[in-house]
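The numbers in the sequence shown follow the numbering used here, run straight up by one, and end at 417.
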Amino acid sequence: SPLEHLLECRDALERDMQTALRRHGDLLAGGDDCSPARAAIHKLFAMLSENALLLQEVYDREARHVSQALASFQAWDKKRSKVLARVQRIRSQNNQYGAKLAGLLARRSDIDAEIAALESRLGSLRASRLAVESEVGETMSVLESKSAKYVEMFRCLEKAGTDAVLDYLGADAPDQPGAVPLLRYESVDAMFAEPRNTAPGPDANAHLEDTASTVHRVPSPGRMGAQAFEVPDTGACDDGPERPAASGKEPHSAYERGFAKGSEQLHTVKRRLSLLLQNVIPAPEGLPRYSATQRPLGDMLNTITRKLDLLPIVDLLTSKSEAVKDLVSQASRASECFHRHGLVWAEVCKYLDVQEETLLLLIARSLDAREAEQLLDQLYVYLTKKLKEINTSPV
């Protein structure tokens, strides 16, 4: 780069200056002609001054570039701040749509709270429904087990009565219904009638809560909470031996058949209810939660979430600008210093050349050394004066 080239040239000129000064000292000590060495030193002063001036121009150009970059970044940051402030004003609550959005968000929060309460209530009702359904199956099993023996007893009595009527009428068992005119049947309602849907009372609600909080277990055939009521055999069935009470030891008693049927129905109800809950009714944990915190407001692609921190760049450019300006000042002072030294050196060299010629003439013309000594004293005073001027120079 130009800056590196100028710095290398300055180092080379400084080395050449040191070499020229040593050569001038050697020539001066030997009494030889120093004019060529003095001319070379004067030329090096001029070249050093020119090099420092070029460095000043390079540093000054760099300082302008840094200042322009800093001003550009500051203008960009000012424009960015204005745009960001505009966006913040638009999305604040201090305007019409911002105030409307705040009200809508508050309303949505209230709706979310109400939905959460309803979901909690719905979960409690589902748990109560499961508990009641389980108890319904168990109760149906108890009813089946209680009525099983009496159903069997009624069938025996019905068969005996039918046979007695047929014997009395002297007819055989009919192959088809209505073959015997006097042998008729009537409907009997011995089924459990499901009550109509009515509003549950306080007792029913308390019973549901107790049911929901209790874990029900299916009783074993040999040990149940409610045993079938045993009645003595009336002997109505003539086609079988007397049946003992349901003790759980006879594997095919009417009680055990009824209990097995009730247990099977309970298992079927539970299995169907489980499938219904899995396929139709979602679990409470799987329900969507209408929470305002789960959905971001607006499009994330249209939202400002961060901005470039310009402070480090500004600090860097400010420091660099100050450093480059200091280099410009140093190069300017160096150029002026070399130029002044070159002028003084040229003046001294010119004066020395004249005095040396005069001294040589005095030495060649006269044997008296006093004139030569006076000339040397004048030369010493002149050089001392010039040296003080250079040392006291502000540059």
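All C-beta atoms, glycine included, are put in the ideal place defined by N, C-alpha and C.
All values derive from a computational prediction rather than experimental measurement.
Per DSSP, T325 lies in no alpha helix (DSSP H) segment and is marked neither H nor E. A394 carries a helical assignment under DSSP once its states are collapsed to helix, strand and coil. Under the DSSP assignment, F176 falls in the alpha helix (DSSP H) whose first and last residues are Q118 to L191. Of all C-beta pairs linking the stretch 340 to 349 to the stretch 41 to 61, fewer than three are shorter than 8 Å, placing the two stretches out of contact. Judged by pairs of C-beta atoms under 8 Å, the stretch 99 to 117 does not touch the stretch 375 to 388, as fewer than three such pairs exist. The beta-carbon distance between D375 and S57, rounded to whole angstroms, is 7 Å. This is short enough to meet the 8 Å contact definition. DSSP, read as helix, strand or coil, puts A212 in coil. Secondary structure at S23: coil, using DSSP grouped into helix, strand and coil. Distances from the CA of A85 to each of Q396, C359 and L339 were compared; the closest alpha carbon is that of L339. Of the other Cβ atoms in all chains shown, fewer than 16 fall within 10 Å of the Cβ of Y402; this residue is therefore exposed. Take the alpha-carbon of K65 and the one of G52: they are about 23 Å apart. In this model, H87 and V80 are separated by some 11 Å (Cα to Cα). In the structure shown, L401 adopts helical secondary structure according to DSSP, grouped into three states. When DSSP states are grouped into helix, strand and coil, G53 belongs to the coil group.
Every candidate beta strand (DSSP E) stretch fails here, since none sits fully inside the stretch 65 to 116 while reaching 3 residues. Remark: C-beta atoms of A353 and L49 do not approach each other more closely than 8 Å.
Its Cα nearest to that of L43, the residue F67 stands out among R32, F67, L29 and C31.
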